[in-house]
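Residue numbers (our numbering), protein chains in the order written: chain B, 4 to 383; chain R, 13 to 294; chain G, 476 to 759. Structure record follows, encoded as C-alpha cells.
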Amino acid sequence: MADLQLDSVTKVFVENDGNEITAVEDVSLEIEDGEFLVLVGPSGCGKSTTLRMVAGLETVTDGEIRLDETVVNERKPKDRDIAMVFQSYALYPHMTVRENMSFGLEESTEMPDDEISETVESASEMLDIDALLDRKPDELSGGQQQRVALGRAIVRDPEVFLLDEPLSNLDAKLRAQMRTELQRLQEKLDVATIYVTHDQTEAMTMADKIAILNDGQLQQVGTPLECYHEPANLFVAGFIGEPSMNFFDASRDGDRLVHEQFEYELSDETAAEIGDHDEVVLGVRPEDIEVRSDCEAAHSYETVVDVVEPMGDENNVYLAFDSEREETFVATIDGFQHVEREQSIVARLPEEAIHVFDRESGRALRNRTLDTQTMAEPPM
Amino acid sequence: MPFWLLPTLLVLLFVYGAIGWNVAISFTGWSGLGQPDYTNFTLEMYRQMPADPDFVASLRNTIALLIAFTSVSLVVGLALALLVDRKIRFENTFRTIYLLPMALSFVVTAIFWSWMYASDGLINTMLSGLGLGWFAQDWLGDPRFKLAAVIVALIWQFSGYCMIVYLAGLRGIPNEHYEAARIDGASTLKLYWRVIIPQLRSSTVGATVVLMVFALKAFDFIYVMFGTNPGRSADILAVTMYREAFSASQWAYGAAIAVVLFALALTIIGPYAYTQYKRGAL
Amino acid sequence: MATNDDETSTGGTDPRRIALYGVLIALVGVYLSPLYSGLTTSLKTQQAYRETSPLQPPLEGLTIDPWLTAASELAFAMVNSFAMVVPATILSAVFGSLAAYGLTKVDWRGQALLLALFLAAVFIPYQAVLVPLRQFWSIVDISSLHARGELVELTITHIAYGIPICTILFRSYYRTLDDELMEAARLDGASLARIYRKIVLPLSLPMFAVTLIYQFTQVWNDFLFALVLLSDRANYVVTLELNALAGAMATDYGVQMAGAFIAALPTIVVYVLFGEQFAKGQTL
C-alpha cells in the first residue's frame with residue numbers, strides 16, 4: 004500500500020557566500036506500510052533535513068523520493084498526504100484545540116463540517132484529550148500540547164506519519180510514558196511512520212527498524228537488535244547502547260591483539276575474520292564483561308576499580324588496568340555484587356562477545372556471536 | 013531620592029498641570045485681551061459647540077480622518093510587511109525606503125504634496141501621462157477631494173511605521189506555523205488569513221492606538237497646506253482649536269475644543285492602557 | 476518569518492519571486508516619487524519647469540539657483556533649530572534615563588501609577604496644553620530677558636514634553652537589565668546615584684542612541700510648539716521659516732522644494748546613518 008522509498012537522496016545547502024554544505028548524502032531507505040522507522044543520530048547528522056525532504060519542506064538536490072512507486076519530489080507538502088508533528092508542536096495559539104485539529108481537514112479535504120467534528124472527537128478520545136477540546140494551547144501542559152499535536156496529525160489519516168523529536172521537550176518520566184503510548188498508537192493506526200530523534204533509547208524501544216545517520220551519511224539500517232549486536236561500524240557500535248561500548252585501540256601481532264596495557268589472544272576463527280587488518284579497535288559491551296575472582300579463564304585481566312555507579316538493578320563499574328587510572332572502561336554487573344573503589348578485581352573479556360573494527364575505516368570486521376533463545380511457551 | 017524628582021515634576025507640571033489649567037480656562041469665557049476670569053465658571057463654551065456648524069463639520073472630519081487614515085495605513089503597512097518579510101535580497105534597502113517618510117517633518121511633507129496635488133503638479137501630470145487626464149482634479153481646491161487628498165498623503169507618510177510594527181510581529185511567529193499550515197493543506201491565502209494575521213492582533217492594536225492618536229493631532233500638515241482656514245471640508249479639530257484660540261483670540265472656546273480633542277484621545281488610550289496594565293505589560 | 480526558496484526544485488527562478496520584486500520596486504517608485512520629483516523640480520529653471528514633466532530629470536535647464544535662494548533664506552533658521560534641538564534632545568534623553576531608572580530599579584509605592592501617567596503623557600494631543608502654555612510663558616517671561624529668550628522657552632518646552640517618551644523607551648530597556656547587577660552594587664555599599672553613574676549609565680549607551688535619534692527627529696520636525704511660542708521672526712526655527720518661505724514663494728516651486736530638502740536634510744542624514752535605531756525607537 005503505502006511504501007515510502009528514498010532513493011539516493013542528497014541535500015546540499017548553498018550559503019550566501021557560495022559555500023556548499025552537504026547535509027544529507029546519498030541516503031536510501033525503504034519504509035513499508037505500517038512500519039515504524041526511527042531516524043537516529045547526533046545533532047547535525049541530517050536526520051531532520053531528511054524528514055523535511057520527505058515532508059516537502061526542503062527541496063531534494065539529488066535522488067528521488069517515491070510514495071507508492073510515484074516520484075513525489077515536485078509535489079507540494081499538502082499534496083503528499085502526510086502529517087507531521089513538530090518538535091515545538093507548532094500549535095496555532097489563537098485557535099482552540101478543536102480548531103487546531105480541524106484546520107487540516109478544513110483546508111485539505113471536502114469533508115462536511117459534521118464529519119470533521121466527528122473525526123476530531125474520536126481522535127481526541129483516542130488520545131485522552133476530549134475534555135480539552137475547547138481550550139487554547141497556552142492553557143495546556145507540555146504533555147497535553149503534545150497530544151494535541153499528535154491529534155492534529157492523526158485526524159488527517161495520512162499515508163505517512165512524520166515525527167520530529169516529539170518527546171524532546173518533555174521531562175524524563177513523561178517521556179518514558181509517552182514512548183509506550185506512541186508505540187501503541189502507531190500499531191493501532193498501522194501507518195508508515197518516520198520518527199526522528201537523537202535519543203538512542205527511543206530508537207531502540209520504539210522502532211521496527213532503525214536508520215542511523217552521521218554527518219549526512221547513512222551508517223546502518225536494521226532492526227534495533229541487529230544494530231545493537233551487529234553494528235556495521237565503529238560509529239553505530241558507539242552510538243547504540245547505554246552505557247556505550249568500550250573501545251580499545253590495538254595492533255595485530257600474529258595471533259594476538261596488542262593494546263598499551265594488555266594483550267588479547269585470538270582464536271583461529273577470530274583471527275581469520277580480522278584478516279589482513281593490522282590496526283584495529285577492539286570493542287566489548289559493558290554487560291558482556293565478566294567480573295571474577297581469579298585469572299584462570301582466558302582473557303582475564305587484573306584491574307582496579309575507579310568509580311562505581313549504582314543504578315539499583317545494576318552497577319556500572321569503571322575499571323582501569325593500573326593504579327594510575329588514566330584510561331578506564333565500563334563493566335555492567337549485577338546490582339547485588341558489591342564492589343568498592345580501589346578494589347582489585349579480575350575482569351574477563353570473553354571472546355564470543357568481542358567486536359573488532361578496522362581502525363581507519365571504522366568498518367566492523369567481527370561482531371559478537373549472537374545466541375538469542377526464544378522462550379518456550381508454558382505448557383497449557 | 014531626588015534625582016528623578018526633577019523630570020517627574022517637569023512632566024507633572026507641563027503635562028497634567030497644563031491639561032488641568034486648560035480645562036479650567038475652558039470653563040471661563042475668556043477671549044481677546046486681558047486675563048481669564050477664574051471665579052465665574054460657566055459651561056457656555058461647551059454649549060456653543062453643537063450649535064457651531066464649523067465645529068460640527070470639524071468634528072465630523074476629524075472622525076472621518078481617524079477612521080480612514082488608520083484603517084488604510086494598517087492595511088498598506090501589513091501588505092508592505094508581508095511583501096518584505098519573504099527573505100528577499102536588499103531587504104534592508106526596501107525597508108529603509110518605505111520608512112523614510114517618517115523621518116520627514118510634516119511641513120516638508122505638506123510642501124511636497126501641495127506641489128504634487130497642484131493643477132500642474134505630479135499627480136495630474138501622471139494621470140494624463142497614463143491617459144487618465146479626464147480624472148485630473150483640483151485636488152486641493154475642490155471640497156469633495158480635499159480631505160481624501162490629505163488622508164492619502166498622511167498614509168504615504170505613516171504606512172512605513174505600520175510596516176515595521178507588523179514586521180516585528182511577523183518575526184515573532186515561528187517558522188513552524190507556516191510549515192504546519194502548509195502540510196495541513198492551506199493555500200497561501202488561507203495560511204495568512206487564518207493562521208498568520210490573527211496572531212498579529214497585538215501589533216494591530218498597538219499600531220491602531222498610535223495612528224488614531226496621531227490623526228487627532230495632525231495639525232502641522234493641514235496648517236501648512238491650507239493655512240488656518242482649510243474650509244469646512246478639510247477642517248479638523250486641531251486646526252479649529254488653533255484658529256479659535258490664536259487667530260480669533262477666543263481663548264476659552266479654543267481651550268474647550270482642545271478638551272474635546274483630549275477626551276477623544278482618552279477614549280482611545282484609556283482602554284488600551286488599562287488592558288496593557290492588566291496584562292502586566294506596563 | 477516565511478520560508479521560501481528563491482528557486483524551484485528544477486533550479487530556475489520562480490516567476491512568483493520575479494513578480495514579488497517587481498511589486499517591491501514599483502512601491503519604491505511610489506514612495507520615492509514625491510522626493511524624486513521634488514528634487515528634479517528644485518534643480519530646474521522656471522522655464523524648464525514649465526516645459527518638462529516633473530518626472531524628467533533636468534537635462535536642460537539645470538540650475539542650482541533655487542538651492543542658493545532657499546539656503547540663504549533658511550540659513551539663520553537652521554542655526555536656530557540646531558541651537559534649540561541639541562540641548563533639548565540631550566537633556567530630555569538624560570532626564571528620561573534618570574526617570575526610568577527611578578521608576579524601574581527602585582521600589583516604592585505609586586510607581587505603577589506614575590508609569591501609567593508617563594505612558595498616557597506620550598499620547599496626549601498637544602492642543603490640550605497650548606493655551607496654558609502660552610499663558611505660562613507670558614508669566615514666566617524669559618523672552619523679555621533676551622532676544623533669544625523665546626528659543627530658551629521652546630527648548631524647555633521640548634525637554635518637558637520629550638521626557639515621557641524617553642522615559643518609556645529607557646524603561647523598556649531597563650527592564651531587561653539584570654537586577655542582580657544593581658543588588659550586588661548595593662551590597663558593596665554604593666548609593667543609588669553612584670549605581671546610576673557607574674553601572675546603569677554605561678550600560679544605557681545603546682538606548683541613548685535610540686532615544687537621541689528619536690528625539691532629535693521629533694524636536695527638529697516640530698512645528699506646533701514653535702508656531703505658538705515664537706513670535707519674533709529672527710527666532711524662527713527651520714520648520715516655521717520653511718512654511719513662511721513656501722507662502723512667500725507660492726509660485727516658485729523650485730525654491731520651495733529646495734527649501735524642503737534643506738530643512739529635511741539633517742533628519743534624513745540621521746535616518747540613513749542610524750536607520751536601525753530609528754526603527755527601534757518607533758516600535759517600542
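We put the CB at the ideal spot given by N, CA and C, even for glycine.
The residue from 290/R, 118/R and 274/R with its alpha-carbon nearest to that of residue 597/G is 274/R. In the three-state scheme derived from DSSP, where H, G and I count as helix and E and B as strand, residue 50/R is classed as coil.
The beta carbon of residue 533/G does not come within 7 Å of any beta carbon belonging to chain R, so the residue lies off that interface. Under the three-state reduction of DSSP, residue 102/R is assigned to coil, being neither helix nor strand. With its beta carbon at least 7 Å from every one in chain R, residue 16/B lies outside the interface.
Less than 7 Å separates the beta-carbon of residue 177/B from that of residue 146/B. Excluding residues up to 5 positions away in sequence, 555, 558, 559 and 710 lie with their Cβ nearer than 7 Å to the Cβ of residue 626/G in the same chain. Within the region 148-168 of chain R, the residues whose Cβ lies closer than 8 Å to some Cβ of chain G are 168, listed in chain order.
Any Cβ of chain R closer than 7 Å to the Cβ of residue 652/G would place that residue at the interface, and such an atom is absent. Closest in C-alpha terms to residue 98/B, from the list 207/R, 242/R and 272/R, comes 207/R. Using a CB distance cut-off of 7 Å, residue 619/G does not count as an interface residue toward chain R. Taking 7 Å as the threshold, the shortest C-beta distance from residue 211/R to chain B falls below it.
Look at residue 66/R here: in three-state DSSP terms it is helix.
Per DSSP, reduced to three states, the secondary structure at residue 195/B is strand. The CB of residue 100/R never comes closer than 9 Å to any CB in chain B; the least such distance is about 13 Å. Less than 7 Å separates the beta-carbon of residue 685/G from that of residue 755/G. With respect to chain R, the C-beta atom of residue 81/B has a partner C-beta closer than 7 Å. Contacts with chain B at 7 Å (Cβ-Cβ) do not include residue 37/R. Look at residue 224/R: its C-beta is not under 7 Å from any C-beta on chain G. Look at residue 22/B here: in three-state DSSP terms it is coil, with no helix or strand label. Taking 3 residues as the shortest admissible run, the region 100-172 of chain B contains the following complete beta strand (DSSP E) segments, listed from N- to C-terminal end: 163-167.
Pairing residue 694/G with residue 605/G gives a Cβ-Cβ distance that is not under 7 Å. With at least 16 other beta carbons inside 10 angstroms of its own, residue 602/G counts as buried. Assignment of residue 34/R by DSSP, reduced to helix, strand and coil, places it in the helix class. In this structure, residue 634/G sits away from residue 656/G, with a CB-CB distance that is not shorter than 7 Å.
For residue 718/G, the closest Cβ of chain R is nearer than 7 Å. A Cβ-Cβ contact shorter than 7 Å links residue 217/B with residue 48/B. Non-local C-beta neighbours of residue 125/R in its own chain, meaning closer than 6 Å and more than five positions away in sequence, comprise 165, ordered along the chain.
With a cutoff of 7 Å on beta-carbon distance, residue 289/B and residue 335/B are scored as near each other. For residue 103/R, no CB of chain B lies under 7 Å from its own CB, so it is not counted at the interface with that chain.
Residues of the region 613-643 of chain G with a C-beta less than 8 Å from any C-beta of chain R: 632, 634, 635, 636, 638, 639 and 642, listed in chain order. For residue 358/B, the secondary structure class from DSSP, reduced to helix, strand or coil, is strand. When the Cα atoms are used, residue 367/B and residue 128/B turn out to be separated by approximately 48 Å.
Residue 244/R: not part of any alpha helix (DSSP H); DSSP gives it neither H nor E. Close CB contacts of residue 564/G within its chain, under the 7 Å cut and outside five residues either way in sequence, are with 687, 690, 691 and 694 (chain order). A Cβ-Cβ distance of about 5 Å is found for the pair residue 262/B and residue 253/B, placing them in contact under the 8 Å criterion.
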